[in-house]
Amino acid sequence: MATSPSAISASELTYRKLRIDDNFSSLNFRQRNGQDKGGLQEFITKEAIDYQNENLGVTYVFFYAGEPVAFITLSMGQIEVRAMLKTEKVQKARITEYPCLFIGRLAVHEPFRERGVGSHMCFWALSKARRLSEEVGCRYVALQAVRESIGFYSKCRFQCIDEGLKKDKTWMYRKIIF
Ligand SMILES: CC(C)(COP(=O)(O)OP(=O)(O)OC[C@H]1O[C@@H](n2cnc3c(N)ncnc32)[C@H](O)[C@@H]1OP(=O)(O)O)[C@@H](O)C(=O)NCCC(=O)NCCS
Numbered sequence: 065m066a067t068s069p070s071a072i073s074a075s076e077l078t079y080r081k082l083r084i085d086d087n088f089s090s091l092n093f094r095q096r097n098g099q100d101k102g103g104l105q106e107f108i109t110k111e112a113i114d115y116q117n118e119n120l121g122v123t124y125v126f127f128y129a130g131e132p133v134a135f136i137t138l139s140m141g142q143i144e145v146r147a148m149l150k151t152e153k154v155q156k157a158r159i160t161e162y163p164c165l166f167i168g169r170l171a172v173h174e175p176f177r178e179r180g181v182g183s184h185m186c187f188w189a190l191s192k193a194r195r196l197s198e199e200v201g202c203r204y205v206a207l208q209a210v211r212e213s214i215g216f217y218s219k220c221r222f223q224c225i226d227e228g229l230k231k232d233k234t235w236m237y238r239k240i241i242f
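If you count by our numbering, then the sequence shown holds residues 65 to 242, one letter each, in order.
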């Protein structure tokens, strides 16, 4: 978690589901170098509401002092067991994928980065997955990270799959702790 004096605490953030009349065109969800490798700017301004209406992903918008500062998109997902650490294997289970809550997109508006908002959304997703797992099988929170964001997710204690490190995007996962 960021520790600068301007850190934003979880209690200062509110959230709600994306609405059709939300407009994020003045916010910046690109990477620091101006690139939009993960397609996040494009997604939130053009696609997110369609994903939500078609049940492909629900987007939650996070607010600080009444202003939107970040978003996260969640879906059901699964992760291949063979790609994970051997210690993750459940010996009695004969399935090749484990169920997870999938973070499809996650981004923080540029001026609000490095203040704990991104990690708060990761922990929020973990607690959502934990609650969900009481009613639907769900063992992990997982995502596909672009290279530039691996460090951030590692700080949030997500684990990379080994083979992913050679590719543009890397699967990362964290087990729900009970
Ligand atoms: C990556 C991103 C979501 C991080 O959000 P954030 O609110 O700045 O993250 P936090 O302030 O919670 O940072 C938590 C920790 O991760 C570190 N961190 C943040 N971004 C990082 C990065 N890109 N690489 C390595 N470490 C990073 C912080 O320094 C902090 O470390 P600390 O605990 O030692 O203080 C944000 O930079 C962003 O939206 N980037 C552009 C979009 C993007 O790349 N999204 C992910 C696509 S898969």
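For each residue, glycine too, the CB sits at the ideal point set by N, CA and C.
Return yes when the C-beta of residue i is under 6 Å from any heavy atom of ligand 1, and no when it is not.
i	result
residue 99	no
residue 219	yes
residue 88	no
residue 178	yes
residue 116	no
residue 91	no
residue 121	no
residue 73	no
residue 172	yes
residue 105	no
residue 209	yes
residue 216	yes
residue 191	no
residue 95	yes
residue 70	no
residue 182	yes
Could you name the residues of the same chain whose beta carbon sits closer than 8 Å to that of residue i, not counting the 5 residues immediately before and after it, in chain order?
i	result
residue 81	116, 122, 123, 124, 125
residue 145	152, 153, 159, 160, 161, 162
residue 100	93, 94, 106
residue 67	Confidence at residue 67 is low in this model, with a pLDDT of 48, below 50, so its placement is unreliable and the value that follows should be read with caution. Cβ neighbours of residue 67 beyond the five flanking positions: none.
For residue i, name the three-state secondary structure that DSSP assigns.
i	result
residue 105	helix
residue 235	strand
residue 79	strand
residue 154	coil
residue 224	strand
residue 196	helix
residue 140	strand
residue 214	helix
residue 147	helix
residue 113	helix
How many whole angstroms separate the CB atoms of residue i and residue j, which I take to be in contact at a CB cut-off of 8 Å?
i	j	result
residue 196	residue 165	6 Å
residue 240	residue 202	7 Å
residue 181	residue 133	6 Å
residue 128	residue 176	7 Å
residue 136	residue 167	6 Å
Between residue i and the rest of its own chain, which residues show a CB-CB distance below 7 Å, the 5 nearest in sequence each way excluded?
i	result
residue 148	225, 237
residue 143	161, 162, 164, 204, 206, 235, 237
Take residue i and list the residues in its own chain whose beta-carbon comes closer than 6 Å to its own, dropping the five residues that flank it on each side.
i	result
residue 91	173
residue 78	127
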